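Student:
Chains as they are written, first to last, in our numbering: chain A, 1 to 866; chain B, 867 to 1243.
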């Protein structure tokens, strides 16, 4: 859509018709001083497109001139290749109306015309800007009153309003806040139930009612159980108290009692029959015992008499045998005594022989030991004597030390001699022996050392003195000599030979001492004293001068005596045994005889009347027959009773059972009565509480509370869903919108600030920061002019978006860049010119000089010519 | 034989607590229920009836409080000339020993407890044949004995029983059906029945009195009883319905189609006598389809009038919302709000989603609409 002309009549200061004509695509500039009516034209355009002709709101009332009249606004536009004329008269009366003419012909009027205008200004379905460019700055629904006074802010606010229209803006935020507030009443941000909120209250109420219902259900079940128990008990009690049942129980008890009494009576008769049998049996038994006793007593008397006769004979035989045994025993004792004496004599004879032999052996031993003692004493004396010699003279160690020193001296001496001057003489023939040393001629050719020098006498020549000077080895020699002498002195000897002689003597004495000690050990291995003791220990006995047999003879005699003595001892023992046996037999026979006598006396005493015994025996046998007959009779009677006797245990059990049943019923009645009393008491307590009524009420309340809780949970889900859906939509709209805006805005920003980068806020989708080399400013930190310029560029970017969407709309700027300096305004003009290539931009400005350079189509407000 | 006049009532369900209602309403309903005995006494007096026959279920549970039983008996005893003839129903059967023990112990002379199925002369020339419920589910036709029960030829024969003559969909299982020909086969002049809470005439001699004070929406209107005149043996009874209930129970369906003025339709559905609203329990189920604005208007209208009723319940669950483009335009013509609205509408209509999720989305859309409208207002 392009605006082609505007005509006003009765609008504020324009009480006569004015018009702006010649508007076209691209830049259109109306540059006029203040108070020339630019804003009035702007407001009139706004009213034309956005207000109903019948409207009398504040904006419309503000258009009415002071003198009154109905504002008339007309605009011509080009749209989709056609030319439209829009006429609108704002009036309270019948003049009010809207007309649209297309290409000079009436096209729409009244409501249809208004609807056509709405369509013209409807926002694109995909969320493009709606009415952005037609809304006068400061009149959007989302601004505060203060902001409307600030043109710079208005410009951006207008953009902000458009962004809000897309993202939902403040309305969205208000709705979301309301949803959130409502949701907060129910749940926390983390999704938990909010404390003290309606949901928590409903949950608590459900829980409490569930608990109450559970408690009441338990109580009701308990009460129901009590009532059921009571019903069961009452039914049982009724059964127990049933008259027919009671009569049946009584009859059964009586019958059992009678049966048991009959059984007991029969049992008593049987007991008496049994007693009669027992009595008869006892009598028979006593008769039998008397009979047996009498028979036995009689037999005992006869047996005793017979036994007494027998024991008298035995007694006499035994007395004879004892007499014979006494004689034999005396003879055996005599023989043994004789044999024992002979044996003692043989022992004594042998002892004498042995003692004589021992005496002889002791003497021989004594002589031997005495000789060994003498020998030992001689060796002992020799040893003592040589032991003193052994202590003299150097021992082997000392001698070794001396010999070592002597060897060292000899070695030193020969070494010195080897190192010292020597002479040798080779005689000329005939001169042999002509040279002597200390009188001894030198051997021809022999080498004579002269370590100490000397004087050679040269025959016929004189004396040749040899001075050795200092010879190597003197000191060693001197030291060896000193060592030897010191060793000898320490050993107490003056010469080596003395020492060696003393050492030899010591060795010889030692050898002798060893010989003497060895000989002494042989003669007296345990020492001389032991040997002497052994000699003194040898017995001394006077020699038996009697005539003694040999030892063998003595021993033979002893053996013979022993055999004889053993033989007599055996005879003695045999006689003793025979005597003891005879003595015992005699005693036994005597005792048996005494016993037979006593037995006969006792049997006679027991039988008492020996003569009347037979008669008594006969009487007892007669009585026995009678008693057996009586016993048989009693047994027959008892058997008859026993055969017909009822089972007392059975009747007793039957009676016991009947009694028990009756007692059980009685006991059960008492129990039930007691239990019923208890149940009634408990039922009375609970029944007074109307538990089932309360339970029914609790069930209802619980169902209602649960329904309310379900409803609140549904409500929470609804609010959550709404909140999340709004959030998602808002975010999506921002994402959808910010990219295209940015792409449109970027080249415009670079035209004005080549090195700058403009950032948009992700939430508000509005400029937030301007980053320039060395500086980064938030939008609020920017100067008023820069804010104004950015706002204008954003607006132009929106306009371009609208144009690209196929619904181009004019951009109307009312003193939009009044704070922009002259340098920057040139760049802004460039930006406007760039955007005007496919947009209609209408600029109202009071800065006539500055905007003269903007170019474009210059407009003016002129009186209208109808 | 003079004519015999009596009140036939049943199902007093004294002690019923109405737990599903809010506390304030609950108290009112309980109070009204407790007052029904006095109301019946007054009704009898007003209509010159000397006898009240209660066909069972005097009490709601088998274990009412002694206080309730005793106060009921005391109220009945206040007018000694009025005789109350009571049989146990299924709710207060003879198995509920507590009730009958206390009743028997404290019943005044004019209160007669009929606990045995035996003929009882209740007035000169009038024999009552009671069929007390021995237990909650008797499992048999308790009136069968009446066929063989002989009474003097000139006596009126009135049967008193509790249970279904046909399967009403009684509130208790078991279906102990009373023979629909019992009045005929037992030669009854009138068979006074209880169990069904609404007044119901099976035939001219067989009737249900319904509860004197309604207790559920199933039976619309106020409770009442039957004023019965028996001119003489074999003569048809003259029966008059007498309203006794204080509260008016109404359940209605609001059927809407898109374009209906839902608020107006709701108002049209309300009882005309506005002065009676405070004693009216109204349950409205909205069905059909409507647009978002109508739904909003409906809920606002319901919220506006609800406080005037004793109880007002609008169940709009079955009411479906039809979303038009204009509805969504009312939310926003474009931008994020419009996008959110369309998302919610799509989810609400997406049959691939679970029913509850669709309901949540639909409700969310309704809410969004309401919020936008509120903001606009």
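All residues carry an ideal CB built from backbone N, CA and C; glycine is no exception.
Since the model is a prediction, treat every value here as computed from it, not as a measurement.
On a CA-only basis, which of 7/A, 734/A, 757/A, 766/A is nearest residue 776/A? Give me that one, please.
Tutor: Here the closest residue by C-alpha is 757/A.
Student: Would you report the Cα separation of residue 483/A and residue 414/A, rounded to the nearest angstrom?
Tutor: Going by the C-alpha atoms only, they are around 17 angstroms apart.
Student: Out of curiosity, what's the CA-to-CA distance linking residue 57/A and residue 91/A?
Tutor: Using only the alpha carbons, I get a separation of about 11 angstroms.
Student: So residue 792/A packs on residue 1234/B, CB below 8 angstroms; how close in whole Å?
Tutor: That belief does not hold up - the Cβ atoms of residue 792/A and residue 1234/B are roughly 35 angstroms apart, past 8 angstroms.
Student: So with Cβ pairs under 7 angstroms, would you call residue 885/B a contact of chain A?
Tutor: It does; some Cβ of chain A falls within 7 angstroms.
Student: Report the neighbours of residue 172/A on chain B: residues whose CB is nearer than 7 angstroms to its CB, in chain order.
Tutor: Result: 1202, 1203.
Student: When you compare the CB positions of residue 1155/B and residue 1124/B, do they come within less than 7 angstroms of one another, or not?
Tutor: Yes, they are a contact pair.
Student: Can we say the stretch 900-911 of chain B touches the stretch 1078-1094 of chain B, given the rule of at least three CB pairs closer than 8 angstroms?
Tutor: With a cut-off of 8 angstroms, the stretch 1078-1094 of chain B and the stretch 900-911 of chain B count as touching, because enough Cβ pairs lie within range.
Student: Count the CB pairs spanning the stretch 309-320 of chain A and the stretch 515-526 of chain A that are closer than 8 angstroms, and state whether there are at least three.
Tutor: Contact between the stretch 309-320 of chain A and the stretch 515-526 of chain A is absent, because fewer than three Cβ pairs lie under 8 angstroms.
Student: Comparing the C-beta of residue 176/A with each C-beta of chain B, is any distance below 7 angstroms?
Tutor: Output row for residue 176/A: interface = no.
Student: Check whether the Cβ atoms of residue 1072/B and residue 1090/B sit closer than 7 angstroms, and answer yes or no.
Tutor: Against a cut-off of 7 angstroms, the Cβ pair of residue 1090/B and residue 1072/B comes out as no contact.
Student: Taking DSSP as the reference, what is the three-state secondary structure of residue 1165/B?
Tutor: Residue state, collapsed to three classes: helix.
Student: Does DSSP classify residue 621/A as helix, strand or coil?
Tutor: If DSSP states are grouped into helix, strand and coil, residue 621/A belongs with the helices.
Student: Beta carbons nearer than 9 angstroms to chain B: which residues of the stretch 691-718 of chain A have them?
Tutor: Those residues of the stretch 691-718 of chain A that come within reach of chain B (Cβ to Cβ, closer than 9 angstroms) are 691, 692, 693, 694, 695, 696, 697, 698, 699, 700, 701, 702, 703, 704, 707, 714, 715, 717, 718.
Student: Consider the Cβ of residue 938/B: report whether some Cβ of chain A lies at a distance smaller than 7 angstroms.
Tutor: No, because no Cβ of chain A sits closer than 7 angstroms to the Cβ of residue 938/B.
Student: Would you tell me roughly how many angstroms separate the C-alpha atoms of residue 68/A and residue 863/A, rounded to the nearest one?
Tutor: One C-alpha to the other measures close to 19 angstroms.
Student: Quick test of your reading: residue 935/B and residue 965/B, contact by CB under 8 angstroms. State the CB separation rounded to the nearest angstrom.
Tutor: The pair is a contact, with the Cβ atoms about 6 angstroms apart (cut-off 8 angstroms).
Student: Going by C-alpha to C-alpha distance, which of 831/A, 325/A, 217/A, 376/A sits closest to residue 527/A?
Tutor: It is 376/A whose Cα lies nearest to the Cα of residue 527/A.
Student: Residue 701/A: buried (16+ other C-beta within 10 angstroms of its C-beta) or exposed?
Tutor: Answer is buried; the Cβ neighbour count reaches 16.
Student: According to DSSP, what are the bridge partners of residue 9/A?
Tutor: Paired residue(s): 72/A.
Student: Indicate whether at least one CB of chain B lies closer than 7 angstroms to the CB of residue 722/A.
Tutor: Closer than 7 angstroms: yes.
Student: Out of 1226/B, 963/B, 882/B, 894/B, point me to the one whose CA is closest to residue 227/A's CA.
Tutor: Measuring from the Cα of residue 227/A, the nearest candidate turns out to be 963/B.
Student: Roughly how far, in whole angstroms, is the beta-carbon of residue 839/A from the beta-carbon of residue 803/A, given that I think they are within contact range, below 8 angstroms?
Tutor: Going by Cβ atoms, the distance from residue 839/A to residue 803/A rounds to 6 angstroms, so yes, they are a contact pair.
Student: For residue 981/B, go through chain A and note every residue whose CB falls closer than 7 angstroms to its CB, in chain order.
Tutor: By Cβ distance, chain A contributes nothing, its closest Cβ being about 15 angstroms from residue 981/B, past 7 angstroms.
Student: If you reduce the DSSP assignment to three classes, tell me which class residue 1152/B lands in.
Tutor: DSSP places residue 1152/B in strand when its eight states are reduced to three.
Student: With DSSP as the reference, please indicate the residues paired to residue 422/A in a beta bridge.
Tutor: Note: residue 422/A sits in a beta bridge opposite 449/A.
Student: Near residue 630/A, which residues of its chain fall below 6 angstroms by C-beta distance, leaving aside the five closest residues on each side in sequence?
Tutor: Answer for residue 630/A: 280, listed in chain order.
Student: So is residue 265/A buried or exposed if we call it buried at 16+ other beta carbons inside 10 Å?
Tutor: Looking at its Cβ environment, which holds fewer than 16 other Cβ atoms inside 10 Å, residue 265/A is exposed.
Student: Report the neighbours of residue 1229/B on chain A: residues whose CB is nearer than 9 angstroms to its CB, in chain order.
Tutor: Correct list: 714, 715, 717, 718, 721, 722.
Student: Among 1205/B, 1086/B, 881/B, 1211/B, which has the Cα closest to the Cα of residue 734/A?
Tutor: Of the listed residues, the one whose Cα sits closest to residue 734/A is 1205/B.
Student: So with CB distances below 8 angstroms, who are the chain A contacts of residue 1238/B?
Tutor: Those are 171, 175, listed as they occur along chain A.
Student: For residue 756/A, return the contacting residues in chain B, with the cut-off set at a CB-CB distance below 7 angstroms.
Tutor: The premise fails here: residue 756/A is roughly 30 angstroms from chain B at the closest Cβ pair, so nothing lies under 7 angstroms.
Student: Please list, in chain order, the residues of the stretch 915-930 of chain B that have any C-beta partner in chain A closer than 7 angstroms.
Tutor: Those residues of the stretch 915-930 of chain B that come within reach of chain A (Cβ to Cβ, closer than 7 angstroms) are 926, 927, 928, 929, 930.
Student: Does residue 1206/B have its Cβ less than 7 angstroms from a Cβ in chain A?
Tutor: Yes - at least one Cβ of chain A is within 7 angstroms of the one on residue 1206/B.
Student: Do you know how far the Cα of residue 928/B is from the Cα of residue 872/B?
Tutor: Going from the Cα of residue 872/B to the Cα of residue 928/B covers about 27 angstroms.
Student: Sorted by chain position, which residues of the same chain lie with C-beta nearer than 7 angstroms to residue 973/B's C-beta, five sequence neighbours on each side aside?
Tutor: Taken in chain order, the residues that qualify are 939, 979.
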